[in-house]
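J.:
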Amino acid sequence: MGVSCGKGGRTVRQDDALLEVRNLTISFGGVVALNKISLEIYEQEILGLIGPNGAGKTTLFNCLSRLYRQSSGDILVRGETITPLGPEDMAARGIGRTFQNIALFETMTVYENVLTGAQFAMNGGLMADIFGGAKTRQERAETRDRIMHLLSLLDLADIADHTIADQNFAVRKRIEFARALAAEPSLLMLDEPAGGLNREEVTHLEDLIRQVRDEFKVAVLLVEHHLNLVMKVSDRVVAMDFGEKIADGLPQEVRAHPQVLRAYLGEEAA
């Protein structure tokens with residue numbers, strides 16, 4: 002279906018979508034949280050999702066990761082519906098995510114926490130890693146090399162054998178990032194990754210998101226309140242307000258869209 006230029010002139014393929022959302026609607030207690038949302042994410046695309054508080058971003062994120070069940074509409078991964086599936090099935094479908102509220106294993110090491118993500122990419126999972134034979138030992142060695150590469154990429158290799166309890170918030174964010182990547186996803190969903198980070202850390206995160214996309218050939222769905230980060234790193238941006246999609250396009254187009262200005266700055270801004 003052709004191509005379009007993303008951020009910095011990068012070409013984003015506009016053929017079959019990696020993930021497609023069709024007319025997604027969900028209500029809570031009679032209140033419509035998402036109203037017929039439709040969007041697509043393409044292979045190796047960085048898609049930013051923005052909107053003021055209450056816009057429905059986190060609700061959409063939770064529907065995509067199957068923590069919430071939509072009232073109507075469909076979600077497809079590479080053309081196949083995932084609507085009947087649960088959150089435990091998402092890693093096998095190539096979808097990984099991070100959370101605003103980081104949940105790591107406090108008494109385990111940094112390496113061990115990231116290894117829990119790798120179980121989805123291993124034949125037989127962690128039990129095979131513990132009890133398996135020669136083939137599994139080879140896979141275990143390959144997995145260790147891959148995890149150590151991830152830890153190096155995220156500046157975590159020096160603390161690989163340290164426990165989580167010793168780590169600050171910014172480091173924990175990077176550990177969760179590494180754990181999600183360890184599952185070898187095709188789509189990485191990042192939920193407020195810049196939350197709680199200082200300016201220098203946000204700049205590093207911007208570079209890291211691009212590097213991860215380019216090196217691991219993953220698509221990234223970025224939900225973030227830090228607008229400058231989203232506009233700098235995204236190939237395309239979708240804006241939401243009151244559970245509806247109000248804009249979809251290149252970052253500079255969405256930033257200047259009248260409905261986006263109205264949502265963030267009020268009626269007089271549009």
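Heads up, the sequence shown is in my numbering, so the first residue is 2 and it goes up one at a time.
Glycine included, each C-beta is placed from N, C-alpha and C at the ideal position.
Around the Cβ of N102, are there at least 16 other Cβ atoms within 10 angstroms (buried) or fewer (exposed)?
T.: Counting from 1 along the sequence shown, the entry for residue 102 is found at position 101. When all chains shown are included, N102 counts as exposed.
J.: How would you write the range of the beta strand (DSSP E) that N63 sits in, first residue to last?
T.: Taking the sequence shown and counting its residues from 1, the one referred to as residue 63 is at position 62. It is not in any beta strand (DSSP E) - N63 instead sits in the alpha helix (DSSP H) that spans K58 to L65.
J.: According to DSSP, is S153 part of a helix, a strand, or is it coil?
T.: Locating residue 153 in the sequence shown gives position 152, counting from the first residue. If DSSP states are grouped into helix, strand and coil, S153 belongs with the helices.
J.: Any chance you could list the alpha helix (DSSP H) runs of at least 4 consecutive residues sitting entirely within the stretch 140 to 200, in chain order?
T.: 170 to 183, all fully within the stretch 140 to 200.
J.: Between which two residues does the beta strand (DSSP E) harbouring K37 extend?
T.: Within the sequence shown, residue 37 is the residue found at index 36, counting from 1. V32 to I42 is the extent of the beta strand (DSSP E) around K37.
J.: Starting from the Cα of T144, find the closest Cα among L116, K37, A161 and G74 and give me that residue.
T.: What you label residue 144 is simply residue 143 of the sequence shown in a count that begins at 1. Closest option to T144, Cα to Cα, is L116.
J.: I need the DSSP call for M241, collapsed to helix, strand or coil.
T.: Residue mapping note: residue 241 aligns to position 240 of the sequence shown, counting from 1. Strand, per DSSP.
J.: Can you tell me whether L266 is helix, strand or coil according to DSSP?
T.: Residue 266 sits at position 265 when you count from the first residue of the sequence shown. DSSP places L266 in helix when its eight states are reduced to three.
J.: Specify whether the stretch 89 to 102 and the stretch 180 to 194 touch according to this definition: at least 3 beta carbon pairs, one from each stretch, less than 8 Å apart.
T.: A contact exists between the stretch 89 to 102 and the stretch 180 to 194.
J.: Quick one: what's A248 bridged to in DSSP?
T.: Walking along the sequence shown from the start, residue 248 turns up at place 247. According to DSSP, which records beta bridges pairwise, A248 is partnered with A240.
J.: Check L68 in the structure and name its three-state DSSP category.
T.: Working through the sequence shown from its first residue, we reach residue 68 at position 67. In the structure shown, L68 sits in coil (DSSP, three-state: anything other than H, G, I, E or B).
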